[in-house]
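Report on the following structure.
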Amino acid sequence: MANYPNLRSKVKELAQKLEKVVKEVNSLTTEEVDRIAHQKYAEEIKEEKKEREVLPDLPFAEEGKVKVRYPPEPSKHPHVGQMLSFCINDMLAEKYKGKRVLRFDDTNPEKVRAEYYDSFREVIHWMNLKIDEESLASDYMEVYYEKALDLIKNNYAFVCLCSREEVTKLRSEKKPCSCNLEHSVEKNTELFEKMNAGNFSAGEAVVRLKGDMKAENAALRDPILLRISEHEHAIQGDKYHIWPMYDFESPIMENITGVTHILRSIEFGKMREELQSLVSEKLGITPPHFLEYSRFKVIGAPTQGRIIRELVEEKIVTGWDDYRLVTYQALKRRGIQPEVFPKIIERVGVTKSSTSIDWSLIFSINRKIIEPKVKHLYFVDNPIKIDIINPELKKIKIPLHPYNKELGERTIEINDVLYLSGTDQDLIKENSIIRMKDLYNIKIVKKQSADTFSAEIHSQEILTDIPKIQWVSDPIEVEIEKAEMLYLNNRINKDSLRKVQGYGEKKLQELQIGEIIQFERFGYTKINNIAEKVQMNYIHG
RNA sequence: GCCUCGAUGGUGUAGCUCGGCCAAUCAUUGCGGACUCUCACUCCGCAGACCCGGGUUCAAAUCCCGGUCGAGGCACCA
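For the first sequence, counting from 1, position 507 maps to 523 in our numbering; every step adds exactly one.
Below, the structure written as structure tokens:
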């Protein structure tokens, strides 16, 4: 109807005709309909099957000419929000066959720390994202000074000597300060040189843009461009006193590196975008195109760097790599695969409405990635001891994966004691017959104590109607650290990190540290240490 | 408080630009079934949603008005 607007006036007539046709079609069988549809409309059906586009179209984007950026501030370890953000940028660059620049926004010497630079380089490498070039914003200090001086000389900027309180007050009153009104270009130039020479201390002088004190957008009311910081910088040392603000540094860096599109989450806001565009304008450079999307949250986990840092400092979590966190270190250590992240983006999309990612989505994607390639072994927690009264001492071989034969098999020594899982205790009752998976059937004879039973080998063949459970013979001790959601109902879940003790197969000792395996009917786990005891962590079910 | 965005099943999304193809997509979750000597993987099926109130229209998830709720911003942080 939308395609044929001239028919709109004849709706009623059409409705009658349509009804007739519908009756005819309904009288056909499904097979007939399918057949006819495929004959007549093969083209259309094909078209409809096209994939939905998860990535937005970039404004003014030309294939091969797009350049995006990963702009971390090296003041903390990367977390899932930044990882997904890097991913979006990488995917969009891929879509337009463009380039990516890694740019460290390290212009706040108070926050920047050397160790975090490598942390970001590492995460990008780990995620297999491409980088065409790398730059440090703090390497361009002379450029900011030069540009600031240009602005001052063009009377677009001034040096302000007001106190922080005064600045705030006049901003809210929408009134310019006397520094703006009274300082001549010469005076501003002189003051700037003094700032540069170290004649002012922090808080005494700032460079401000002559914006618009009456602007609705408060960010435009004579914004501060540069300020003094006496902190030593992690990379640049104590060479500089004046440091640019983000809104000044960013447009300049984007211009220098030739970034065409900025994709970032909404916390930067429209106000910033307007301000940065204004700064660009005064500088005589063209601003890039902006596109924003919502922040990503993970249900039950803190996603703000600041909060994570607090939790680490207050020792509520064990560190940045605590399994309950969604930092790079934690996700990697837990066993989440790098391929998961683009798939998350494909699933949740790039939208402006607030996006909460459920752990179950992460687990589901991860499980599908690891399942075909990880070994399957048996593990029993809270073991129950079974004494076999008519033992068959032998060695048996069991495949390490139900369908991936390349993983080979393991050999298990069977003797007169088996261990079963405490979670299966309901099945272990006198006279019940249970299948030991891949081994034989046992019949429980007698309960000796709470966790010890005697049993006899009942038969060898697979019986259909009895439970089939995992077991361990010739055991090795295993300890598994298991993380649950750190936040439950907005409260810290104190019991969210537990240890599970049990027995595993000797085969574990031959495996690699870091290897992921599936303990059947228990979950996926990762090996962290092998000694007398095997230490592992639970990834997900 | 001010400003900007947003609101579709338990969760996340598609559809909204240009009203009819939407008794609403896909995924996750839950339940059932097939396969399997696992509660994994794979496959099949079922369950479950258009924030509220008005208006425009033959027809509203879609357009208009008014609410409500949520997110983000309002630094000499990025």
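Don't be surprised by glycine CBs; every beta carbon is placed ideally from N, CA and C.
For the beta strand (DSSP E) assignment, the uninterrupted runs of no fewer than 3 residues enclosed by the region 108–151 are, from N- to C-terminal side, 115–120. Of the residues assessed, residue 475 falls on the exposed side of the cut-off, its CB having fewer than 16 other CB atoms within 10 angstroms. For residue 296, the enclosing alpha helix (DSSP H) begins and ends at 285–299.
Beta-bridge partners of residue 343 (DSSP): 95. Under the rule that a run must span 3 or more residues, the beta strand (DSSP E) segments found entirely inside the region 499–535 read 513–521, 532–535.
Proximity to residue 512 across 332, 82, 461, 235 peaks at 332, based on C-alpha coordinates. Residue 304 sits away from residue 293, with the two beta carbons spaced by 7 Å or more. Bounds of the alpha helix (DSSP H) holding residue 166 are 157–169.
For residue 355, same chain residues with a beta-carbon under 7 Å away, outside a window of 5 residues either side, are 385 in chain order. Each residue's CA atom was taken as its position, placing residue 94 and residue 229 some 37 Å apart. With fewer than 16 other Cβ atoms from the protein chains shown falling within 10 Å of its own Cβ, residue 197 counts as exposed. Within a 10 Å sphere around the beta-carbon of residue 525 sit fewer than 16 other beta-carbons, which makes this residue exposed. Bounds of any alpha helix (DSSP H) do not take in residue 552; it lies within the beta strand (DSSP E) bounded by 549–556. For the pair residue 527 and residue 535, the Cα-to-Cα distance works out to about 14 Å. Within a 10 Å sphere around the beta-carbon of residue 419 sit fewer than 16 other beta-carbons, which makes this residue exposed. If you draw a 10 Å sphere on the C-beta of residue 128, you find 16 or more other C-beta atoms in it, and that means buried. The criterion of a C-beta distance shorter than 7 Å is not satisfied by residue 374 and residue 470. Ranked by Cα distance from residue 120, the first of 273, 498, 449, 347 is 273.
Counting every other CB atom within 10 Å of its CB across the protein chains shown gives residue 329 a total below 16, marking it as exposed. Every unbroken stretch of the beta strand (DSSP E) spanning 3 or more residues and falling wholly within the region 317–387 is given here in chain order: 371–373. In this model, residue 190 and residue 241 are separated by some 18 Å (Cα to Cα).
Taking C-beta separations shorter than 6 Å and ignoring five residues to either side along the sequence, the partners of residue 72 in its chain run 366, following chain order. If you look at residue 465, you'll find it in the beta strand (DSSP E) that goes 457–465. Counting along the chain, residue 398 sits inside no alpha helix (DSSP H), nor does DSSP assign it H or E at all. Scanning its chain for C-beta atoms nearer than 6 Å, with the 5 sequence neighbours on each side dropped, one finds around residue 287 the residues 233, 235, in chain order. Residue pairing for residue 415: DSSP places it in a beta bridge opposite 425. Three or more Cβ pairs closer than 8 Å define a contact, and the region 265–283 falls short of that threshold against the region 207–225. One thing to note: residue 380 has its Cβ no nearer than 7 Å to the Cβ of residue 310. If the five residues before and after residue 498 are omitted, its C-beta is found closer than 6 Å to the C-beta atoms of 514, 516, 554, all from its own chain and listed in chain order. Residue 208 counts as buried, since no fewer than 16 other beta carbons sit within 10 angstroms of its beta carbon. Per DSSP, residue 85 is one residue of the beta strand (DSSP E) stretching across 83–86. Cβ contact annotation for residue 335 (same chain, cutoff 7 Å, sequence separation greater than five): 328, in chain order. Across the structure, residue 133 and residue 322 are spaced so that their CA atoms are roughly 17 Å apart. Between residue 455 and residue 405 the beta-carbon gap is near 16 Å, outside 8 Å, which marks them as no contact. When 154, 114, 540, 523 are compared, the shortest CA-CA separation from residue 275 is found for 114.
With at least 16 other beta carbons inside 10 angstroms of its own, residue 491 counts as buried.
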